[in-house]
Ligand code: IYR
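Numbering (our numbering), first residue to last: 1498 to 1725.
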């Protein structure tokens, strides 16, 4: 056994026979394939513990140097949610009506039928804003530089989204750019950058989503030939 300079512990992940591996893999794909981004939410309350569980799932993400450079800010009061809606819609009006989104981008968004109306931000029981920490304030007051921040926080957000789906909840990866207003409203320090805003709740009973297909595996993957 290799000698360590730091503490290590045994790790023995579950193993399955081949049929069970495939069954579990197919079940998982079927489960994540049923997830859709939602823009039409119910105002039905959701227990805070569900939000905390999704954040706990996000917090298991791998990260550069295990520095875990994320912070999930949870908003549940109507006044703060409304302030976020007003600020987000102000930015989105510049994006959509002010031409900040160039025509090519607008064309790409057409089939999603998105616009500057972000009223769902008032409707949802929770808004969670994920902040990325380019550095982290240490207990001694120093600032520690973080590594692979985008990769780490992106993976954490993927787990967050998937955990919500596992609980029957819906969300949207919303980026009402520029998002600096979220730093102010959430009262976060300057070392944290707003990364993604997640409205969290139940999909509304009459929710509709764009009829989109996922690209086939043959387009999502390729096999690299061995060297000839
Ligand atoms: N942030 C805008 C525009 C937008 C951009 C992309 I890329 C989308 O996939 C969806 C929307 C908005 O939220 O409306």
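Just so you know, even glycine gets a beta-carbon here, dropped at the ideal spot from N, CA and C.
Worksheet item: Would you say the beta carbon of residue 1668 comes nearer than 7 Å to a heavy atom of the ligand IYR?
Response: Checking the Cβ of residue 1668 against the ligand IYR gives no.
Worksheet item: DSSP beta-bridge partners for residue 1571?
Response: DSSP, once it has assigned bridges, lists 1625 as partnering residue 1571.
Worksheet item: Among residues of its own chain, excluding the 5 on either side of residue 1649, which ones have a beta-carbon nearer than 6 Å to its beta-carbon?
Response: Cβ neighbours of residue 1649 beyond the five flanking positions: 1560, 1561 and 1566.
Worksheet item: Just the Cα atoms here: how many angstroms apart are residue 1552 and residue 1539?
Response: Approximately 21 Å, taken between the alpha carbons.
Worksheet entry | Three-state class that DSSP yields for residue 1671 in the structure shown | If DSSP states are grouped into helix, strand and coil, residue 1671 belongs with the strands.
Item to complete: Could you pull out every residue in the same chain whose Cβ sits closer than 8 Å to the Cβ of residue 1670, ignoring the five residues on either side in sequence?
Response: So the list reads 1534, 1654, 1658, 1693 and 1695, once near-sequence residues are dropped.
Worksheet item: Which residue from 1618, 1638 and 1724 puts its Cα closest to that of residue 1699?
Response: That would be 1618, whose Cα lies nearest to the Cα of residue 1699.
Discussion item. Tell me the rounded alpha-carbon separation between residue 1596 and residue 1522.
Written reply: Straight-line Cα distance between these residues: approximately 44 Å.
Worksheet item: Using DSSP with H/G/I as helix, E/B as strand and the rest coil, what is residue 1712?
Response: Here DSSP, grouped into helix, strand and coil, assigns residue 1712 to coil.
Practice prompt. Name, in chain order, the residues that DSSP records as bridge partners for residue 1696.
Written response: DSSP lists 1624 as partners of residue 1696.
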